[in-house]
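Everything below concerns the one structure shown next.
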Amino acid sequence: MTRIPDMHDAEPIPDAARAEVERLFASGDLFRYHTAEDNPVTRLEGEFAAFLGSRYALAVSSCSAALFLSLKALNLPRDARVLLPGFTFAAVPSAVIHADCIPVLCEVGANYRIDLADFEAKIAGVDAVIISHMRGHTSDMDAILRIAGAQGVPVIEDAAHSLGTKWAGRHIGTLGAIGCFSFQSYKLVNAGEGGILVTDDPDLIARAVIMSGAYEANWKKHNLLQDAVARWQNKLPLYNMRLSNLSAAIIRAQLPEIPRRVRDGRRNHDYVAGMLRQSAWFHVPNTLAPEERAPDSLQFNLCGMSDADVRAFAASAADIGVKVQVFGLSDNNARAFWNWEFLPEKVELPRTRAMLMRACDTRLPARLTLEECAAVGRALVEAADSVMGPTRTYGT
Ligand SMILES: *Cc1c(COP(=O)(O)O)cnc(C)c1O
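Going by the numbering used here, the first residue of the sequence shown is number 1164, and it counts up by one from there.
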């Protein structure tokens, strides 16, 4: 039997990054605005915008910085209310608070996607929306854009985990007013840290570029509408959230890897999901019809188990060698809304809470072989059977 693979290690950075990093070492040229055009950050912005089919891109220090700058670029008043899903990473409501806005949480269903009835009920009185496509699960963007559009509320997409995901053939991150991506190590493209935002709106990008730290005339080194930027010269604070050339070189070398990572990640995910669907102890939510996913991890819900059973399942899976986190049962989980004690307004979300208490998360990198994926799937089924007794067994 194939051994359980290491699920945590990253892929090596492609060799193509080495020559560029050597060049940067030799020249010491690490600051994006040191040169006008021929620098890795500017090139990354052009390549990334072209890949997604967006007009503009701005590379920044993290996805959190991209979300913060997006809210600032929308020119929201202090204490503006920003609607976001109750299932996301703590950095997202944090970015809202950083932007002097108030997070308003809406319910998320057992399929990890925004509960549209609650979204619609809460949209009135909201000034902006952030859709976190959490773990790359896409909420119904047709409905969200219709509901938000009817209220004139702009939509920011938190696509940190959705690079390569498509909705009705269009890249996630290009559907709303602004899309934000992460290059932190646990995302599809790994630069340690980094982020990027994309938009088609010349005013939004102009404001974001200046506030990201394009001081004095540095905005002229971006391919922007001059009128849009000139209007904002000296009018906006500089938050200095720029990306370094070194990070951009590491990111650019991985752009050609994206199609393979998307293809293999989806293959691996669907293979293990198929195994779990043979067992009554697991529910793996289906994708929505217009959605083509790009997963690098697997989420599933445990069925018919008590809290004690769920804990015993996670312990048994860990013994066999597969680390599973139950979002709502692991200590201080940053994705459980009740741990966001920094929120200015407390909220209870019973449906989201119920989901988090049974929803499991395990990494499933694109680099795994199908044999290794089978070993992971068998381990999960075996762990559930060891706690609950066997149901129909996979493969028999
Ligand atoms: C990782 C992540 C973020 C934060 O990205 P950083 O680049 O680390 O700031 C935000 N939202 C989601 C859904 C994420 O997965």
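The beta carbon of each residue, even a glycine, is placed where N, CA and C say it ideally should be.
Just so we're clear, the structure is a prediction, and the values are computed from it rather than from any experiment.
Membership of GLN1462 in the beta strand (DSSP E) is indicated by the continuous run 1460-1465. Close CB contacts of ALA1291 within its chain, under the 7 Å cut and outside five residues either way in sequence, are with LEU1234, LEU1237, LEU1239, ALA1243, VAL1245, VAL1316, PRO1317 and ILE1319 (chain order).
A direct Cα-Cα distance of roughly 11 Å separates ASP1178 from ARG1415.
Apart from the 5 residues on each side of it in sequence, VAL1271 sits with its Cβ closer than 8 Å to the Cβ of PRO1248, GLY1249, PHE1250, ILE1277, ASP1278, MET1297, LEU1512, ARG1514, THR1515 and MET1518 in its chain, given in chain order. Under the three-pair Cβ rule at 8 Å, the region 1165-1180 does not count as touching the region 1381-1393. PRO1266 carries a strand assignment under DSSP once its states are collapsed to helix, strand and coil. At a Cβ-Cβ threshold of 8 Å, ILE1260 and THR1301 do not count as neighbours.
Here the alpha carbon of ARG1309 sits roughly 15 Å from the alpha carbon of THR1337. Uninterrupted alpha helix (DSSP H) stretches at least 4 residues long and entirely within the region 1486-1529 occur at 1513-1519, given in chain order. Annotation for SER1295 indicates a beta carbon within 7 Å of some heavy atom of ligand 1. Rounded to whole angstroms, ALA1258 and THR1165 show a C-alpha spacing of 43 Å. In this structure, VAL1184 lies away from ALA1354, with their beta-carbon atoms at least 8 Å apart.
DSSP places LEU1187 in the helix class (H, G or I) of the three-state scheme. Cα atoms of ALA1529 and THR1198: separation of roughly 36 Å, rounded to the nearest angstrom. Apart from sequence neighbours up to five positions away, the residues of its chain that approach ARG1526 with a beta-carbon distance below 6 Å are MET1170 and SER1460, ordered along the chain.
In the displayed model, PRO1256 falls within a helix according to three-state DSSP. At least one heavy atom of ligand 1 lies less than 7 Å from the C-beta of ALA1323. Burial is judged here by how many other beta carbons sit within 10 angstroms of a residue's own beta carbon; TYR1196 has at least 16 and is buried. In this structure, SER1224 sits near GLY1357, with a CB-CB distance shorter than 8 Å.
Between the alpha carbons of VAL1485 and ALA1477 lies a gap of roughly 9 Å. Shown here for VAL1372: same chain residues with a beta carbon closer than 6 Å to its own, the five before and five after excluded, namely LEU1221, TRP1382 and HIS1385 in chain order.
A check of alpha carbon separations from LEU1193 across GLU1455, LEU1406 and GLU1508 identifies LEU1406 as the nearest. TYR1349 sits exposed, since fewer than 16 C-beta atoms from the chains shown fall within 10 Å of its C-beta. According to the DSSP assignment, TYR1434 belongs to the alpha helix (DSSP H) that extends over 1421-1439. Here LYS1329 is bridged, per DSSP, to HIS1334 and GLU1455. The region 1416-1433 makes contact with the region 1200-1217, as at least three CB pairs between them are under 8 Å.
When C-alpha distances from LYS1509 are compared across PRO1203, PRO1168, LEU1230 and PRO1256, the shortest belongs to PRO1256. Residue burial is scored here from C-beta neighbours: SER1345 has at least 16 other C-beta atoms within 10 angstroms and is therefore classed as buried.
Burial is judged here by how many other beta carbons sit within 10 angstroms of a residue's own beta carbon; GLY1332 has fewer than 16 and is exposed.
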